[in-house]
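Here's the structure, in structure tokens; my notes come after.
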Amino acid sequence: VASGGDAHTTAMFSAKNMYPLDLYWFPDGIYVINTLPEYREIMYTRLIKINGHPIDTVTEEVSKIMSHENHQMVKSQIKYWITLPAVLHGLGFTGGNYRTEFTFKDGKGVVRELDMKPVDGGTVFDDILGRGKDGEEVPLYMKHRDENYWFEYLRDSGVAYFKYNECAEMAS
Numbered sequence: 012v013a014s015g016g017d018a019h020t021t022a023m024f025s026a027k028n029m030y031p032l033d034l035y036w037f038p039d040g041i042y043v044i045n046t047l048p049e050y051r052e053i054m055y056t057r058l059i060k061i062n063g064h065p066i067d068t069v070t071e072e073v074s075k076i077m078s079h080e081n082h083q084m085v086k087s088q089i090k091y092w093i094t095l096p097a098v099l100h101g102l103g104f105t106g107g108n109y110r111t112e113f114t115f116k117d118g119k120g121v122v123r124e125l126d127m128k129p130v131d132g133g134t135v136f137d138d139i140l141g142r143g144k145d146g147e148e149v150p151l152y153m154k155h156r157d158e159n160y161w162f163e164y165l166r167d168s169g170v171a172y173f174k175y176n177e178c179a180e181m182a183s
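Position one of the sequence shown corresponds to residue 12 (our numbering), numbered consecutively onward.
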């Protein structure tokens, strides 16, 4: 499907189980921007390996099965794909039990290996992805991810910011 080079040609599959990570691909690597409370020690660390495989190798192989038209699409979508146990297993990065060792590096160079098990995908989508912590400043694009669309007028710049999350009617 990915070989077509068209992001609209895709195969849908279930995200029934996912690793509890919200990741973001910054210029210097893929970082954890949210996770479950029990994994808080990996917040804001860079993901460097999955089961001993360098993250560059993982992203290269995963991108071969992702529908995308350019590298930016890979960068924006890889965060979902590499948290899916079925994808990692299908590409040979994990064993059959789905428990996976993730390796992270913090800003001081400290490397941490963490054995992580997948959780229900609904938990990841509802409680982790795109959720800022209470009291934290979050970028506009990450606000109100639970709404199909919303806007905010930015008085200082005279700009109306409109965010379109989903093509669907919102409940009244």
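Ideal Cβ positions, reconstructed from N, Cα and C, are used throughout, including at glycine.
If you're wondering where the values come from, they're calculated on a predicted model, not measured in any experiment.
So, for residue i: in the same chain, excluding its five sequence neighbours on each side, which residues have a beta-carbon less than 6 Å away from its beta-carbon?
{"i": "K90", "result": "L34"}
{"i": "L47", "result": "P31"}
{"i": "T134", "result": "none"}
{"i": "K128", "result": "R110"}
Taking the C-alpha atoms as reference points, what is the distance between residue i and residue j?
{"i": "G120", "j": "H155", "result": "34 Å"}
{"i": "L151", "j": "V170", "result": "12 Å"}
{"i": "D117", "j": "Y55", "result": "7 Å"}
{"i": "T70", "j": "L125", "result": "19 Å"}
{"i": "G146", "j": "I53", "result": "Confidence is the limiting factor: at G146 the pLDDT is only 47, short of 50, which leaves the residue's position unreliable, though a coordinate-based value still follows. Roughly 20 Å separates the two Cα atoms."}
{"i": "V98", "j": "D167", "result": "44 Å"}
{"i": "D157", "j": "F115", "result": "29 Å"}
{"i": "F162", "j": "I93", "result": "31 Å"}
{"i": "H82", "j": "A179", "result": "28 Å"}
{"i": "E112", "j": "L165", "result": "43 Å"}
{"i": "G63", "j": "M153", "result": "31 Å"}
{"i": "Y50", "j": "T68", "result": "24 Å"}
Starting from residue i, trace the alpha helix (DSSP H) in both directions and tell me its first and last residue.
{"i": "Y91", "result": "H82 to W92"}
{"i": "E72", "result": "I66 to S74"}
{"i": "T134", "result": "G132 to D138"}
{"i": "V121", "result": "Here V121 belongs to no alpha helix (DSSP H), and DSSP marks it neither H nor E."}
{"i": "L99", "result": "P96 to G101"}
Can you name, in chain order, every residue of its own chain whose Cβ lies under 8 Å from the Cβ of residue i, other than the five neighbours on each side?
{"i": "S87", "result": "W36"}
{"i": "Y160", "result": "F173, K174, Y175, N176, E177 and M181"}
{"i": "H100", "result": "G106, G107 and Y109"}
{"i": "P65", "result": "I59"}
Would the beta-carbon of residue i be found less than 6 Å away from any heavy atom of the ligand FMN?
{"i": "W161", "result": "With respect to small molecules bound, the structure shown includes none, and the ligand FMN cannot be examined in it."}
What distance in whole Å lies between the Cβ atoms of residue j and residue i, which are believed to be in contact at a cut-off of 8 Å?
{"i": "V122", "j": "M29", "result": "The Cβ separation is near 24 Å, so there is no contact."}
May I ask which residues mark the beginning and end of the beta strand (DSSP E) holding residue i?
{"i": "G107", "result": "First-last for G107: undefined, no H or E at that position."}
{"i": "A171", "result": "V170 to Y175"}
{"i": "L58", "result": "R57 to I61"}
{"i": "L165", "result": "Y160 to L165"}
{"i": "L32", "result": "L32 to F37"}
{"i": "Y42", "result": "G40 to T46"}
Check whether chain B comes within 7 Å of residue i, counting only Cβ atoms and requiring the distance to be less than that.
{"i": "R110", "result": "Considering every chain present, this structure includes no chain B. It has just one protein chain."}
Leaving aside the five residues before and after residue i along the sequence, list all residues of the same chain whose C-beta is less than 7 Å from its C-beta, in chain order.
{"i": "L95", "result": "A26 and M29"}
{"i": "V73", "result": "I89, W92, I93, V98 and L102"}
{"i": "G132", "result": "A26, K27, N28 and M29"}
> Should the region 99-108 be regarded as contacting the region 130-138, the criterion being three or more beta carbon pairs within less than 8 Å?
Replying inline: no
>> Check whether the region 35-42 and the region 58-73 touch, using three or more Cβ-Cβ pairs below 8 Å as the test.
In response: yes
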